[in-house]
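Here's the structure, in structure tokens; my notes come after.
Numbering (our numbering), first residue to last: 622 to 786.
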């Protein structure tokens with residue numbers, strides 16, 4: 622975050638807001654650097670929440686990504702390989718660009734995104750943004766029962782509400 626001369630800002634990191642930092646006349650700007658916490662996003666689940674013409678809506682992925690970044694997180698978004706084939710035609714190039722730019726990670730063909738997502742989360746101890754409860758995976762991944770590891774969400778218009786526990 623960069624604060625220009627004459628500005629004062631509160632700043633947030635991991636759902637905590639810190640007091641104002643002032644950039645007075647002694648400095649042209651102040652830059653605050655901090656390490657962003659990684660968080661996984663079940664991109665396919667996010668895309669299916671509010672459909673576009675009965676198909677997954679990838680705009681939801683962008684809404685969640687921006688909300689997480691605003692809260693100081695570094696989102697790692699994983700989607701099923703099939704998503705690119707079922708989204709509306711006008712969204713396909715956008716998703717391809719996100720995959721090429723590594724904003725979105727596509728699970729390998731014939732590997733369910735849930736499998737990749739849960740393995741990644743388990744290995745790195747990360748939280749997952751998803752409305753999926755992953756009940757079918759509880760025997761294989763007992764940590765799923767820890768409600769603090771899954772962040773459910775709502776999308777209302779162009780905003781996301783994340784329900785951290």
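Just so you know, even glycine gets a beta-carbon here, dropped at the ideal spot from N, CA and C.
Check	Outcome
Going by DSSP, what residue range makes up the beta strand (DSSP E) through residue 774?	774–777
If the criterion is Cβ atoms closer than 9 Å, does the pair residue 759 and residue 766 meet it?	yes
Anyone know if the C-beta pair for residue 707 and residue 750 falls short of 9 Å?	no
Span of the beta strand (DSSP E) holding residue 661?	658–663
Which whole-angstrom value describes the C-beta separation of residue 824 and residue 705, a residue pair presumed to lie in contact below a C-beta threshold of 8 Å?	Residue 824 lies beyond the residue range present for the chain, which begins at 622 and ends at 786; the question has no answer from this structure.
Take residue 738 and list the residues in its own chain whose beta-carbon comes closer than 7 Å to its own, dropping the five residues that flank it on each side.	661, 663, 699, 749
Name the two residues that bound the continuous beta strand (DSSP E) containing residue 707.	Careful: residue 707 lies outside any beta strand (DSSP E), inside the alpha helix (DSSP H) at 704–707.
Decide if residue 672 is buried, meaning its Cβ has at least 16 other Cβ atoms within 10 Å, or exposed.	exposed
Taking the DSSP output, what are the residues bridged to residue 695?	659
Can you give me the start and stop residues for the alpha helix (DSSP H) that residue 765 sits inside?	Unbroken run through residue 765: none, as it is neither H nor E.
Select from 694, 666, 683, 779 the residue whose C-alpha is nearest the C-alpha of residue 657.	694
Counting C-beta neighbours from all protein chains within 10 Å, is the total for residue 697 16 or more, i.e. buried, or is it exposed?	buried
I'd like to confirm the pairing. Which residues does DSSP put opposite residue 771 in its beta bridges?	749
CA-CA distance, residue 772 and residue 785?	5 Å
Pull up the CB-CB distance for residue 670 and residue 777, whole angstroms please, since I reckon it's below 8 Å.	Residue 670 to residue 777, Cβ: 11 Å. No contact.
So, is residue 692 buried or exposed, given that buried needs 16 or more other C-beta atoms within 10 angstroms?	buried
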